[in-house]
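To start, the structure under review is shown below, and the notes come after it.
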Amino acid sequence: MSQKVPNKLDGEIDGALELLDRQLLDIDGKMLGKVDDVELTQTDGGLTVTALLTGQVALLHRLGGSLGNEMANKYVLLRPSETNRSRPWRIPIDDVERLDSAVHLRVDRDQSVKRDIESFRLGALTGMDVVQPDGQRVGRVLDARFSPGDTGRLVLRALVVGHGHPGSLLGYDRRQGMGPWMLRLIVGWLHRRTRLVDIEHVQILWNNEKVHLDSTLDVVSGSPIRTAETQDKSDVRL
Numbered sequence: 004m005s006q007k008v009p010n011k012l013d014g015e016i017d018g019a020l021e022l023l024d025r026q027l028l029d030i031d032g033k034m035l036g037k038v039d040d041v042e043l044t045q046t047d048g049g050l051t052v053t054a055l056l057t058g059q060v061a062l063l064h065r066l067g068g069s070l071g072n073e074m075a076n077k078y079v080l081l082r083p084s085e086t087n088r089s090r091p092w093r094i095p096i097d098d099v100e101r102l103d104s105a106v107h108l109r110v111d112r113d114q115s116v117k118r119d120i121e122s123f124r125l126g127a128l129t130g131m132d133v134v135q136p137d138g139q140r141v142g143r144v145l146d147a148r149f150s151p152g153d154t155g156r157l158v159l160r161a162l163v164v165g166h167g168h169p170g171s172l173l174g175y176d177r178r179q180g181m182g183p184w185m186l187r188l189i190v191g192w193l194h195r196r197t198r199l200v201d202i203e204h205v206q207i208l209w210n211n212e213k214v215h216l217d218s219t220l221d222v223v224s225g226s227p228i229r230t231a232e233t234q235d236k237s238d239v240r241l
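Using our numbering, read the sequence shown as starting at 4 and increasing by one per residue.
Spelled out as structure tokens, the structure:
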């Protein structure tokens, strides 16, 4: 008898690692595309995942900066007569049944997929510079950690802050037993200063594309994010 795959939406997840680029499957198992971005909405519980976004526009905007905007604009101009082409397709999070190796919907495509509305996005948050009160840049947002709130929806709890680019950790820093141990060790060493910062210590400036900390990174963060296996082999010299 096959073992039931756990639903990752029931626990704590890192949004970029666990949601972005996952296949979207409707109730009949038909593929709709991939998760190209995640809609975030400010609610009483905090910054909450309210929808998944898919489509070229959402993916291009994840490039960030002028390059992402320029490529998205060029994509829109390919068919200027198409209504709302500048908006990605939106799938309400309440239409999502479970998350494992893919995102499974509880409805079919036609019942769920609509054009996006203006909203905050995970793709815009990841990559933002993180700045201390003295103005010193201490890294960038590599990922965002969520867990279910009172309503069952995923709520932002903390930011993964470090150097490099979003996605550069590849999960080796947070998943035990993933890939060859030497590769895990190298990735862990390269990102040995990556920290987890609780959301209560940050101010997200969406228009400025920056995250401000209310104190120094050493004060507001815990120990560097490293897997137990990486810690066990930390005495190996590279």
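For every residue, glycine included, the Cβ atom is placed at its ideal position computed from N, Cα and C. Computed from a predicted model, the values in this text were never measured in an experiment.
- About 19 Å separates the beta carbons of G18 and D153, which is beyond the 8 Å limit, so they are not a contact pair.
- In the DSSP assignment, V116 falls outside any beta strand (DSSP E) and carries neither an H nor an E.
- Shown here, I96 sits in a helix according to DSSP, grouped into three states.
- Restricting attention to D103, R82, N76, D47, the CA atom closest to the CA of D24 is found in D103.
- Take I202, set aside five residues on each side of it, and the residues of its chain with a beta-carbon closer than 8 Å to its own are G49, L50, L159, R160, A161, L162, in chain order.
- The C-beta distance from R143 to M131 rounds to 6 Å, short enough to meet the 8 Å contact threshold.
- Annotation for H204: no alpha helix (DSSP H) segment contains it, and DSSP assigns it neither H nor E.
- In summary, V205 is buried, with 16 or more beta-carbon neighbours lying within 10 Å of its beta-carbon over all protein chains present.
- Within the same chain, and ignoring the five residues on either side of L220 in sequence, the residues whose Cβ sits closer than 8 Å to its Cβ are V133, Q135, V141, G142, V164, R198, V200.
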